[in-house]
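One structure is given here, and the rest of the page talks about it.
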Amino acid sequence: MPDIDASVADLNTVRALCQDFAPGVEVWAFGSRVTGTSSRRSDLDIALITEKPLDIGVLADLKEALAESNLPFRVDVVDWAATAPQFREIITRRHVVISPR
Numbered sequence: 430m431p432d433i434d435a436s437v438a439d440l441n442t443v444r445a446l447c448q449d450f451a452p453g454v455e456v457w458a459f460g461s462r463v464t465g466t467s468s469r470r471s472d473l474d475i476a477l478i479t480e481k482p483l484d485i486g487v488l489a490d491l492k493e494a495l496a497e498s499n500l501p502f503r504v505d506v507v508d509w510a511a512t513a514p515q516f517r518e519i520i521t522r523r524h525v526v527i528s529p530r
């Protein structure tokens, strides 16, 4: 996986959980782990790219599964369809697709 400060195994875990809870949804990584400014304690920021907001239960279940996983970092999940246009622009500028549609 290019340009993400996370192991392949950890990214595979994130990808698998996202596909379990939101199958067919494209997932982007963004933030400090993509820009090269992360530290050991940095979270992984991901955006689920959807046209309509995800069901709140699905989003909550995904967040819980990520929190309970063995990942060595926290994962912050953003629902693209429920995100402000200004924040979308920031995400779009520098991201890496970790799970295609």
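Under our numbering, the first residue of the sequence shown carries the number 430, and numbering increases by one thereafter. We put the beta carbon where it would ideally sit given N, CA and C, even for glycine.
Check                                                                                                                                                               : Outcome
Could you check how far apart the C-beta atoms of aspartate 507 and leucine 495 are, in whole angstroms? I think they sit under 8 Å.                                : Position check: residue 507 holds valine in this sequence, whereas aspartate was assumed. Between leucine 495 and valine 507 the Cβ distance is about 13 Å, and since that is not below 8 Å, they are no contact.
Hey, could you find the ends of the beta strand (DSSP E) valine 526 is sitting in?                                                                                  : 524–528
Leaving out five residues on either side along the sequence, give the residues of the same chain with a beta carbon under 8 Å from the beta carbon of arginine 469. : none
Where does aspartate 434 fall in DSSP's three states?                                                                                                               : coil
Suppose the cutoff is 7 Å on Cβ atoms and the five residues either side in sequence are ignored; what does the same chain contact list for serine 498 look like?    : Thr442, Leu446
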